[in-house]
Each structure stands twice: as structure tokens, then as C-alpha cells.
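Residue numbers (our numbering): 89 to 241.
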């Protein structure tokens, strides 16, 4: 486990950009934190690093998922409105992991142990207030235990 100080939105974006080149198909990034902590900002930085700097990256709050053609393909999920963990499969979580990687906001909607529904290679990021900025606590499972050492902001 490691922590990153995120004094502003640009630092949050840079964390997403630092994670992007390490992602591989079948992996997931789980983003925890209350509303307004910067989960979507981090997701936008990661997705734009995989696609293009001017990629339109809307929050999938109402669509629940946005798919992006990149290398690897990435699906951005916002599970806030789910009422049952199984609904994640109805909107394509398993397919996203078969074909690429998944970036998941509100993974707690997957139940007490999201790892049961996801592959073994996961990066978990919890963003919390830290004075005027934010603090990201990051931990890895599976391949991300070693890859986490390569993340520098």
C-alpha cells in the first residue's frame, strides 16, 4: 500500500496518467471515495492517457458505462445507481474484463468483496480529503502488488 498527496485536480489527473500505461487486459481499477473527491478526474486522466488528450470523457453516472477503444480497451463504470451486484454483469462488466480493463467508480456496489466478481489483478484507490487537497491510498492485488511500485506522480 502507498499514498499519494493530490493537492489539486492536476495531481489527480497525473495519478490516472501514471497508472494507464501499466494496465493490461483483465485488470480492474477500483475507485473509492465520497462524492466530489476526484474519482472522475482520475478516471478522465487515465482514459485520456490511453486514448488521446482531447478524448471526450463524460462521467457515466447516467449511462452507467462508457467504452473506449484504446490499447488495452477500457470500460469506465459508475455503479452508484446499481441496486444489486449482479446488475454489473447486465451492463457488461464481465465482457469488459474479457476484452480489456475496467475502471470502476463505486465498486462497493459489487458487494462486500468486489474481488469475487473481478479478476485477481486489481488496483484499489481510495481518495479522501486531506486539508485543502486529497490523499489517495493505493493498494494492489495480483499483478498490481508488483506494478504498484512503478507508479510515480
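By construction, the Cβ of each residue, glycine as well, lies at the ideal position given by its N, Cα and C atoms. None of the values given here were measured: they were computed from a predicted structure.
>> So the candidates are 110, 218 and 147; which of them puts its Cα closest to the Cα of residue 233?
In response: Sequence index remark: in the chain shown, residue 233 carries index 145 (1-based). For the options 110, 218 and 147, the alpha carbon positioned closest to that of residue 233 is the one of 110.
>> Tell me the rounded alpha-carbon separation between residue 164 and residue 202.
In response: Looking up residue 164 in the chain shown gives position 76. Looking up residue 202 in the chain shown gives position 114. One C-alpha to the other measures close to 16 Å.
>> Here's the rule: buried if 16 or more other CB atoms are within 10 angstroms of the residue's CB, otherwise exposed. What is residue 105?
In response: As a working note, residue 105 is residue 17 in the chain shown. Buried.
> At which residue ranges does the stretch 174-223 contain complete alpha helix (DSSP H) runs of 4 or more residues, listed in the order of the chain?
Replying inline: Runs of the alpha helix (DSSP H) lying entirely within the stretch 174-223 and spanning at least 4 residues, in chain order: 175-178 and 181-187.
>> Check for me: the alpha helix (DSSP H) holding residue 128 runs from which residue to which?
In response: In the chain shown, the residue the question calls residue 128 occupies position 40. Start and end: 127-138.
>> Within 10 Å of its beta-carbon, does residue 115 have 16 or more other beta-carbons around it, so buried, or fewer, so exposed?
In response: Sequence index remark: in the chain shown, residue 115 carries index 27 (1-based). So residue 115 ends up on the buried side.
>> So, under 8 Å CB-CB, residue 213 and residue 222 are touching, yes? Tell me the CB distance rounded to an integer number of Å.
In response: Here the question's residue 213 lines up with position 125 in the chain shown. Here the question's residue 222 lines up with position 134 in the chain shown. Actually they are not in contact, since the Cβ atoms of residue 213 and residue 222 sit about 11 Å apart, beyond 8 Å.
>> Pop quiz: residue 97 and residue 126 are said to be a contact at Cβ under 8 Å. What is the actual Cβ separation, rounded to whole angstroms?
In response: As a working note, residue 97 is residue 9 in the chain shown. As a working note, residue 126 is residue 38 in the chain shown. At roughly 7 Å, the Cβ-Cβ gap stays under 8 Å, so residue 97 and residue 126 are in contact.
> Do you know offhand how far residue 195's Cα is from residue 130's?
Replying inline: The residue you call residue 195 lines up with position 107 of the chain shown. The residue you call residue 130 lines up with position 42 of the chain shown. Cα to Cα, residue 195 sits roughly 15 Å from residue 130.
> Beta-carbon separation of residue 180 and residue 153 under 8 Å?
Replying inline: One-based indexing of the chain shown puts residue 180 at position 92. One-based indexing of the chain shown puts residue 153 at position 65. Their beta carbons are under 8 Å apart, which means residue 180 touches residue 153 by this criterion.
> Could you give the C-beta distance for residue 113 and residue 160, rounded to a whole number, given that I count them as a contact under 8 Å?
Replying inline: Mapped onto the chain shown, residue 113 falls at position 25. Mapped onto the chain shown, residue 160 falls at position 72. Right, their Cβ atoms sit about 5 Å apart.
>> Just to confirm the assignment, what range does the beta strand (DSSP E) spanning residue 238 have?
In response: Within the chain shown, numbered from 1, the residue matching residue 238 stands at position 150. For residue 238, there is no enclosing beta strand (DSSP E), as DSSP gives it neither H nor E.
>> Just to confirm my understanding: we take residue 156, look at its own chain, exclude 5 residues before and 5 after, and list those with CB closer than 6 Å. What are they?
In response: Indexing the chain shown from 1 puts residue 156 at position 68. Excluding residues within five positions, the ones whose Cβ falls inside 6 Å are 135, 139 and 162.
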